[in-house]
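> Count along the sequence shown starting at 1, add 73, and that's the number in the numbering used here.
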Amino acid sequence: MDSVRSDRNGGSSRIPVALKILIAGGFGAGKTTMVGSVSEIRPLQTEEVLTGAEGADDVSGVEGKTTTTVTMDFGRITITEDLQLYLFGTPGQDRFWFLWDELSQGALGAVVLADTRRLADCFPSIDYFEQRGTPFVVAVNCFDTQHRFAPEAVARALDLDPGVPVVLFDARDQVAARNVLIELVEYVARRQLTSAGRR
Numbered sequence: 074m075d076s077v078r079s080d081r082n083g084g085s086s087r088i089p090v091a092l093k094i095l096i097a098g099g100f101g102a103g104k105t106t107m108v109g110s111v112s113e114i115r116p117l118q119t120e121e122v123l124t125g126a127e128g129a130d131d132v133s134g135v136e137g138k139t140t141t142t143v144t145m146d147f148g149r150i151t152i153t154e155d156l157q158l159y160l161f162g163t164p165g166q167d168r169f170w171f172l173w174d175e176l177s178q179g180a181l182g183a184v185v186l187a188d189t190r191r192l193a194d195c196f197p198s199i200d201y202f203e204q205r206g207t208p209f210v211v212a213v214n215c216f217d218t219q220h221r222f223a224p225e226a227v228a229r230a231l232d233l234d235p236g237v238p239v240v241l242f243d244a245r246d247q248v249a250a251r252n253v254l255i256e257l258v259e260y261v262a263r264r265q266l267t268s269a270g271r272r
């Protein structure tokens with residue numbers, strides 16, 4: 074899995090494994106914020122001002138939101154010297170869903186962001202990954218003024234399969250966002266071990 078290359082001085086240096094992770098969820102759940110907070114490079118963002126056209130953008134619950142992702146967000150984080158994660162934040166609105174199939178190709182797994190103010194908005198993301206067999210974790214973005222629900226309550230409300238991790242975090246916090254990504258990688262590894270043990 075590890076790649077090794079020689080440097081100019083005759084030594085060797087590791088080439089880290091790069092894994093693709095999707096950051097998904099409903100409109101205004103915090104996808105752009107999460108990618109921006111955890112990325113070690115300046116994230117690529119495709120934010121545009123909301124149209125204001127009636128019916129185009131439902132901002133109930135997120136009335137302060139003025140922009141939206143129209144293509145993707147992109148960032149990178151190094152977990153260890155042998156492992157880097159490339160993060161692709163998906164657009165959250167229905168009219169941009171045609172981009173999801175392209176973005177999801179080759180993805181190791183996904184983080185589905187849930188906002189308890191608009192919990193139903195993450196159902197399409199969950200359905201998408203369940204139908205394709207893509208491993209995912211649900212990360213509940215805890216906003217300062219919102220009531221916090223236990224992970225078990227969120228899992229029941231979303232009717233998740235047993236074992237799908239649900240974590241509480243703040244998308245603005247770099248360490249918390251990093252821990253969500255580590256949780257996903259560990260979950261994928263557990264699934265692969267379980268699958269291998271059944272063969």
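Ideal Cβ positions, reconstructed from N, Cα and C, are used throughout, including at glycine.
Note down the Cα distance separating LEU158 from LEU241, rounded to an integer number of angstroms.
Working through the sequence shown from its first residue, we reach residue 158 at position 85. Working through the sequence shown from its first residue, we reach residue 241 at position 168. Roughly 21 angstroms separates the two Cα atoms.
> Could you give the residue range of the alpha helix (DSSP H) that holds GLY270?
Here the question's residue 270 lines up with position 197 in the sequence shown. Counting along the chain, the alpha helix (DSSP H) containing GLY270 begins and ends at 247 to 270.
> CB PRO208 to CB VAL261, shorter than 8 angstroms?
Along the sequence shown, one-based indexing puts residue 208 at 135. Along the sequence shown, one-based indexing puts residue 261 at 188. The answer is yes: Cβ separation under 8 angstroms.
> Got a sec, what are the start and stop residues for the alpha helix (DSSP H) PHE202 sits in?
Taking the sequence shown and counting its residues from 1, one reaches residue 202 at position 129. Here the alpha helix (DSSP H) through PHE202 covers 196 to 205.
> Exposed or buried, which one is ALA226 when buried takes at least 16 other CB atoms within 10 Å?
For the purposes of this step, residue 226 is taken as residue 153 along the sequence shown, with counting starting at 1. With fewer than 16 other Cβ atoms within 10 Å, it is exposed.
> Could you work out which residue in CYS215, LEU266, GLU259, ALA230 is closest to ASP246 when comparing CA atoms only?
To locate residue 246, count along the sequence shown from 1; it is residue 173. Of CYS215, LEU266, GLU259, ALA230, the residue nearest in Cα terms is CYS215.
> Under the assumption that LEU257 contacts ILE114 (Cβ atoms under 8 angstroms), give the Cβ distance between them as a whole number of angstroms.
Here residue 257 refers to the residue found at position 184 of the sequence shown. Here residue 114 refers to the residue found at position 41 of the sequence shown. Not confirmed; about 20 angstroms, so no contact.
> Using CA atoms only, rank isn't needed, just tell me which of PHE100, LYS104, ARG87, GLY99 is closest to ALA250.
For the purposes of this step, residue 250 is taken as the residue at position 177 of the sequence shown. Answer by Cα proximity: LYS104.
> Return the Cβ separation of CYS195 and VAL185 in integer angstroms, given the expectation that the two are a contact with Cβ distance under 8 angstroms.
Residue 195 sits at position 122 when you count from the first residue of the sequence shown. Residue 185 sits at position 112 when you count from the first residue of the sequence shown. About 5 angstroms; that satisfies the 8 angstroms criterion.
> Which stretch, first to last residue, makes up the beta strand (DSSP E) that contains ALA91?
In the sequence shown, the residue the question calls residue 91 occupies position 18. Note, ALA91: beta strand (DSSP E), 90 to 98.
> Within the continuous alpha helix (DSSP H) that includes ALA228, where are the two ends?
Position 155 of the sequence shown holds residue 228. First-last of the alpha helix (DSSP H) with ALA228: 224 to 230.
> Give the straight-line distance between the Cα atoms of THR106 and PRO116, rounded to the nearest whole angstrom.
Locating residue 106 in the sequence shown gives position 33, where the first residue counts as 1. Locating residue 116 in the sequence shown gives position 43, where the first residue counts as 1. Cα to Cα, THR106 sits roughly 10 angstroms from PRO116.
> Please classify LEU233 as buried or exposed, where buried requires at least 16 neighbouring CB atoms within 10 angstroms.
Numbered from 1 along the sequence shown, position 160 holds the residue referred to as residue 233. Label assigned to LEU233: buried.
> Does DSSP put ARG87 in a helix, in a strand, or in coil?
For the purposes of this step, residue 87 is taken as the residue at position 14 of the sequence shown. Strand, per DSSP.
> Based on DSSP bridge pairs, tell me the residues matched to GLN157.
In the sequence shown, counting from the first residue as 1, residue 157 sits at position 84. Bridge partners of GLN157: ALA91, THR151.
> I need the boundaries of the alpha helix (DSSP H) containing GLY179, first residue and last residue.
The residue you call residue 179 lines up with position 106 of the sequence shown. It is not in any alpha helix (DSSP H) - GLY179 carries neither H nor E in the DSSP assignment.
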